[in-house]
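Colleague: Below you'll find the structure I mean.
Residue numbers (the working numbering): 373 to 443.
So this is what it looks like as structure tokens:
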């Protein structure tokens, strides 16, 4: 479960960073990217938001399994 917790924490960090990048590409810097990149960024926003939710759930499950406090 320790490996699972490490994986969940890493996935949570990477998904959050990727979400920030896709939101920046989708909205404030949209004029600097072509339409296909903007479409990919919008789709990525949905996918990375889902990845954040799943990795957080995985983190909670592994913490509970290890007997650590779940906040």
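For each residue, glycine too, the CB sits at the ideal point set by N, CA and C.
My output table needs one value for residue 431: the three-state DSSP class, helix, strand or coil.
Modeller: The count along the chain shown starts at 1 and reaches residue 431 at position 59. It is helical.
Colleague: Nearest to residue 383 by alpha carbon, out of 439, 438, 431 and 399?
Modeller: The count along the chain shown starts at 1 and reaches residue 383 at position 11. When only C-alpha atoms are compared, the closest one is 431.
Colleague: With DSSP as the reference, label residue 381 as helix, strand or coil.
Modeller: Counting from one through the chain shown, the residue named residue 381 turns up at place 9. The answer is helix: DSSP assigns residue 381 an H, G or I state.
Colleague: Here's the rule I'm using: 16 or more other beta-carbon atoms within 10 Å means buried, otherwise exposed. How should residue 420 be labelled?
Modeller: For the purposes of this step, residue 420 is identified with residue 48 of the chain shown, where counting begins at 1. Under this definition residue 420 is a buried residue.
Colleague: In or out: residue 380 buried (at least 16 other Cβ within 10 Å) or exposed?
Modeller: Sequence index remark: in the chain shown, residue 380 carries index 8 (1-based). Buried is the call here.
Colleague: Please check the pair residue 405 and residue 397, which I expect to be a contact at CB under 8 angstroms, by giving their CB distance rounded to whole angstroms.
Modeller: Position 33 of the chain shown, counting from 1, holds the residue named residue 405. Position 25 of the chain shown, counting from 1, holds the residue named residue 397. That belief holds up - the Cβ atoms of residue 405 and residue 397 are roughly 6 angstroms apart, short of 8 angstroms.
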